[in-house]
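Presented below is the structure to which this report refers.
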Amino acid sequence: MAEPVSKPRRPHHKSRNGCAQCKQRKVKCDEQKPTCQKCETYGSPCSFLQTHPQKSRVPTVASMLASPEPTISSVSSPASSASLPTKFSILDMELLHHWTTVTCQVSIDFASGRELHRTVLVQYGFDYPFVMHLLLAITARHLEHLRPQKQSVYKHAADSHAAAALSLFQPEIANLTTENCHACFAYSTSLGLYTWASQALDKPSTLLFNPSSNYQSADIQWVRLHRGATTILASMWHLLENGPCHCLWDDWKDLDEDRPDPLCPDDEVYFNQLPEAWKDLPEQQKEVLDKNLKVTTRVLSMVDFPVGPGKLASGMSWFSHISDELVQMLSEKKPEALLLVCYYCLVLKRLGGTWWMEGKAENLLKTVMTELGGGWETWTRWPVERVLEGNGALPGLVYRAWI
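Numbered per full-length UniProt numbering, the sequence shown finishes at 403, counting up by one with no gaps.
As C-alpha cells, then:
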C-alpha cells in the first residue's frame, strides 16, 4: 500500500500586529487602519482607533462647506472614494434601528413630525442615499452623546456619513426635478438638526459665523446653505406643499400674521429697549435691525406661548425668517446684528431640554459676547443673566470665555 503523499503546507504570513479585539475573538485581523474590517462589521470600537485618529481620513461637513462663497449649485470636490462609506455595515444597521426606535422620537417635538421622520424619510433614504447617510449621521451623533465609552466609533461614523450625504446631495439640489425635490427638502430640513448636534461645546460656536479673529469678514456656512436650499426648493413649492412632508408646515398655514406677540414682562422691557443700541446707525440699517427684532420677538413669543407649531419648529424658524441683509451684517460681525443674536439665545435657552440643543445657547452667547467685547453691557446684561444663570459664568468674565 502506497504511503499517502503529504500535501505541502501553504505558506502564510504570521502577524502579531492585529487589533486587540480580533486577538480576543481569536480571529485573523486584516490590520486595516483606523479600524479593521472585522470591528467595522461587528460595529465594535477597534483598538487601532486610539493610535490612528480618523480626523484626516474622513472629511467633515464643516470642512466640505469651507469654500469662500458656498452656494448650493457649486459642487465641492467630493471626498475620495476611500474615505466615504461605500456599503452599509452592521454598525449602520444599529444606527438605522436606533433612528427609528429612539433618535427620531426624542429629536422631534410633535407626533406627525416624529412619524414622518420614522417612516417617510427612511423610505426616501432607500431611494436617495444622501438622505439615508444623513439620518445615520444624526443617529451616530445621538449615540456619541449617549454612549461616551464608544465615542470614537460613533464620531467616526457620524463624520463619514455626513460627508457622504453632502457630496451626494449637492449635485441633486443643483439639478432639482419633480422626482427628487421631496428628498432634497427632507435633507435640507434634517441638516440643521445634524449641524446643531455636531457643535462642540468646548469651542466657539460656528453656527452663524466663523469666530476666528483672523478674518475681517466671516462666511456664514450652514445658514447660507440652509437658506440657499430653501430658495431653490421654493421653485417646487407647488409639489412640496401637499407632498409627503406637508405636516412640517400644516400648523403654520392658519397662523395669523397679525397676531399679537406677547412676551414675559421682563423680556418685554429689554426687547423694547434694544433699538436704542442702533439709533445712530444709517436709516437703512436701522430698518433691517428693527424688522429682524420683530422676527426675534415673534419667535420668542411662539416658544413661550405656543400656538400651532411646536416649540422646536418655532425656535428654528428664526433662521428662515431673518432677512438676507441681517445675514450679511452677521457675516461682517456688525455689533448691532450680534446683539440680536444675543437675544435669540433667549429662545435657544428655552429649547435646551432636547439632546441636540443642550448647552448650545450658552455656547453661542459666549461666542457672540467675545466678538462684541466690552461697551455693550447695557443691552447684553439681560441675555447674559438669563442664559448663563447657574452655569458658573459671571457676566463680567464672559468676554474672556474663549481666551
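Glycine included, every Cβ here is placed at the ideal spot set by N, Cα and C.
Status (buried if at least 16 other CB within 10 Å, exposed otherwise) for residue i
{"i": "residue 333", "result": "buried"}
{"i": "residue 382", "result": "buried"}
{"i": "residue 237", "result": "exposed"}
{"i": "residue 169", "result": "buried"}
{"i": "residue 126", "result": "exposed"}
{"i": "residue 384", "result": "buried"}
{"i": "residue 82", "result": "At residue 82 the pLDDT is 37, less than 50, meaning the model places this residue with poor confidence and gives no usable figure here."}
{"i": "residue 180", "result": "buried"}
{"i": "residue 357", "result": "buried"}
{"i": "residue 79", "result": "Per-residue confidence for residue 79 stands at a pLDDT of 38, beneath the threshold of 50, marking its modelled position as unreliable; the derived number appears in the next sentence. With 16 or more other Cβ atoms within 10 Å, it is buried."}
{"i": "residue 195", "result": "buried"}
{"i": "residue 200", "result": "exposed"}
{"i": "residue 119", "result": "exposed"}
{"i": "residue 264", "result": "exposed"}
{"i": "residue 148", "result": "exposed"}
{"i": "residue 374", "result": "exposed"}
{"i": "residue 366", "result": "buried"}
{"i": "residue 234", "result": "exposed"}
{"i": "residue 159", "result": "buried"}
{"i": "residue 106", "result": "exposed"}
{"i": "residue 153", "result": "buried"}
{"i": "residue 389", "result": "exposed"}
{"i": "residue 329", "result": "buried"}
{"i": "residue 172", "result": "buried"}
{"i": "residue 93", "result": "exposed"}
Expected contact under 8 Å - CB spacing of residue i and residue j to nearest Å
{"i": "residue 293", "j": "residue 275", "result": "7 Å"}
{"i": "residue 346", "j": "residue 207", "result": "With 8 Å as the limit, residue 346 and residue 207 do not qualify as a contact, their Cβ atoms being about 16 Å apart."}
{"i": "residue 239", "j": "residue 113", "result": "So it is not a contact: roughly 20 Å between Cβ atoms."}
{"i": "residue 187", "j": "residue 130", "result": "6 Å"}
{"i": "residue 91", "j": "residue 138", "result": "Not confirmed; about 15 Å, so no contact."}
{"i": "residue 124", "j": "residue 182", "result": "7 Å"}
{"i": "residue 372", "j": "residue 335", "result": "6 Å"}
{"i": "residue 295", "j": "residue 318", "result": "7 Å"}
{"i": "residue 244", "j": "residue 370", "result": "With a Cβ gap of about 43 Å, residue 244 and residue 370 do not count as contacting."}
{"i": "residue 368", "j": "residue 341", "result": "5 Å"}
{"i": "residue 348", "j": "residue 337", "result": "About 17 Å separates the two Cβ atoms, so there is no contact after all."}
Spatially closest choice to residue i from the options, by CA coordinates
{"i": "residue 191", "options": "225, 152, 21 and 24", "result": "225"}
{"i": "residue 164", "options": "187, 133 and 185", "result": "133"}
{"i": "residue 223", "options": "320, 265 and 244", "result": "320"}
{"i": "residue 339", "options": "326, 349, 27 and 351", "result": "326"}
{"i": "residue 261", "options": "95, 197 and 314", "result": "314"}
{"i": "residue 101", "options": "199, 18, 117 and 110", "result": "117"}
{"i": "residue 291", "options": "302, 263 and 324", "result": "324"}
{"i": "residue 141", "options": "21, 351, 189 and 155", "result": "155"}
{"i": "residue 246", "options": "265, 228, 189 and 199", "result": "189"}
{"i": "residue 380", "options": "277, 151 and 306", "result": "277"}
{"i": "residue 39", "options": "121, 157 and 143", "result": "157"}
{"i": "residue 267", "options": "344, 351 and 122", "result": "344"}
{"i": "residue 354", "options": "108, 259 and 203", "result": "108"}
{"i": "residue 259", "options": "302, 244 and 389", "result": "302"}
{"i": "residue 111", "options": "199, 312, 197 and 204", "result": "312"}
{"i": "residue 298", "options": "286, 269, 257 and 283", "result": "257"}
{"i": "residue 104", "options": "128, 89 and 136", "result": "136"}
{"i": "residue 269", "options": "378, 176 and 202", "result": "378"}
{"i": "residue 184", "options": "209, 231 and 197", "result": "231"}
{"i": "residue 36", "options": "19, 167 and 146", "result": "19"}
{"i": "residue 197", "options": "128, 388, 96 and 359", "result": "359"}
{"i": "residue 151", "options": "202, 46 and 211", "result": "46"}
{"i": "residue 211", "options": "331, 388, 16 and 22", "result": "331"}
{"i": "residue 178", "options": "209, 241 and 122", "result": "241"}
{"i": "residue 144", "options": "95, 171, 128 and 227", "result": "95"}
{"i": "residue 404", "options": "273, 167 and 306", "result": "No answer is possible for residue 404: it lies beyond the span of the chain, which begins at 1 and ends at 403."}
{"i": "residue 167", "options": "146, 202 and 128", "result": "128"}
Residue i: first and last residue of the uninterrupted alpha helix (DSSP H) it sits in
{"i": "residue 351", "result": "Counting along the chain, residue 351 falls outside any alpha helix (DSSP H), and DSSP gives it neither H nor E."}
{"i": "residue 369", "result": "360-372"}
{"i": "residue 234", "result": "Looking at the DSSP string, residue 234 is not in any alpha helix (DSSP H), and its letter there is neither H nor E."}
{"i": "residue 113", "result": "111-115"}
{"i": "residue 144", "result": "129-146"}
{"i": "residue 20", "result": "20-25"}
{"i": "residue 173", "result": "151-174"}
{"i": "residue 381", "result": "377-388"}
{"i": "residue 314", "result": "311-316"}
{"i": "residue 196", "result": "181-198"}
{"i": "residue 271", "result": "265-273"}
{"i": "residue 106", "result": "104-107"}
{"i": "residue 92", "result": "90-98"}
{"i": "residue 323", "result": "Run containing residue 323: none; DSSP gives neither H nor E here."}
{"i": "residue 294", "result": "283-304"}
Residue-chain proximity (residue i, chain C), Cβ-Cβ < 8 Å
{"i": "residue 331", "result": "Among the chains of the structure shown, chain C does not appear; only one protein chain is present."}
Residue i Cβ short of 7 Å to the ligand PLP heavy atom set
{"i": "residue 20", "result": "In terms of ligand content, the structure shown is empty, and the ligand PLP therefore cannot be addressed."}
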